[in-house]
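Some notes on the structure that comes next.
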Amino acid sequence: MSRLLEKSKFNIDAAEVLIKEYLYAPSVHCSYYSCLQRIKSILPDYYAISFSQIDLNVRTGTENEHGYLIRFISEEIRRNFGFEEYVLFKRNIGDLKEFRIHSDYKDIEITSDQSNKAYRKALDINKFLNEKF
């Protein structure tokens, strides 16, 4: 198991613990990063794209790393698993990313409902990625 995959599992576990401790904003952060780390761990294993190549692609491209990873895996989902799976994945990861931006950067309260919704989306995304990759 790659260290990044292990971190992904730590983050989803941390999100659950944080929710139980009423720490809703950081739980959203952990939910999102569990998915992003899972996505990044797929590229070397399934597409022979090393972490250093990912870094180079990001440095020489126009996207930040999050955008690059999400776009890459989304295109692969569309190509290999169909348009419906692609649309569902894009919606879920987009929602989760938006939740994380609100949680990390907006001067707003993050509620239990929002935190749990982010956690459930992260579980669904990780389950999908684990089944397909």
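Numbers 721 to 853, taken from our numbering, label the letters of the sequence shown in order. Glycine included, C-beta positions come from ideal geometry on N, C-alpha and C. Fair warning: this is a prediction, and the values are worked out from it, not measured in the lab.
Please report the residue range of the alpha helix (DSSP H) in which SER832 lies.
832-852
Residues in the same chain with beta-carbon distance under 7 Å from GLU736, minus the five sequence neighbours each way, listed in chain order, please.
TYR839
If we call anything under 8 Å between Cβ atoms a contact, is ARG758 one with SER728?
yes
Around the Cβ of LYS740, are there at least 16 other Cβ atoms within 10 angstroms (buried) or fewer (exposed)?
Its Cβ having fewer than 16 others within 10 Å, LYS740 is exposed.
Pair within 8 Å by beta-carbon distance, VAL902 and TYR788:
What the structure shows of the chain is the stretch from 721 to 853, and residue 902 is not part of that stretch, so it cannot be assessed.
Reducing DSSP to helix, strand and coil, say where TYR744 ends up.
helix
Could you give the uninterrupted runs of the alpha helix (DSSP H) lying entirely in the stretch 724-768, keeping only those of 4 residues or more?
744-767
Residue environment, LEU756, which counts as buried when at least 16 other CB atoms sit within 10 Å:
With 16 or more other CB atoms across the displayed protein chains lying within 10 angstroms of its CB, LEU756 is buried.
Three-way DSSP call (helix, strand, coil) for ILE828 in this model:
coil
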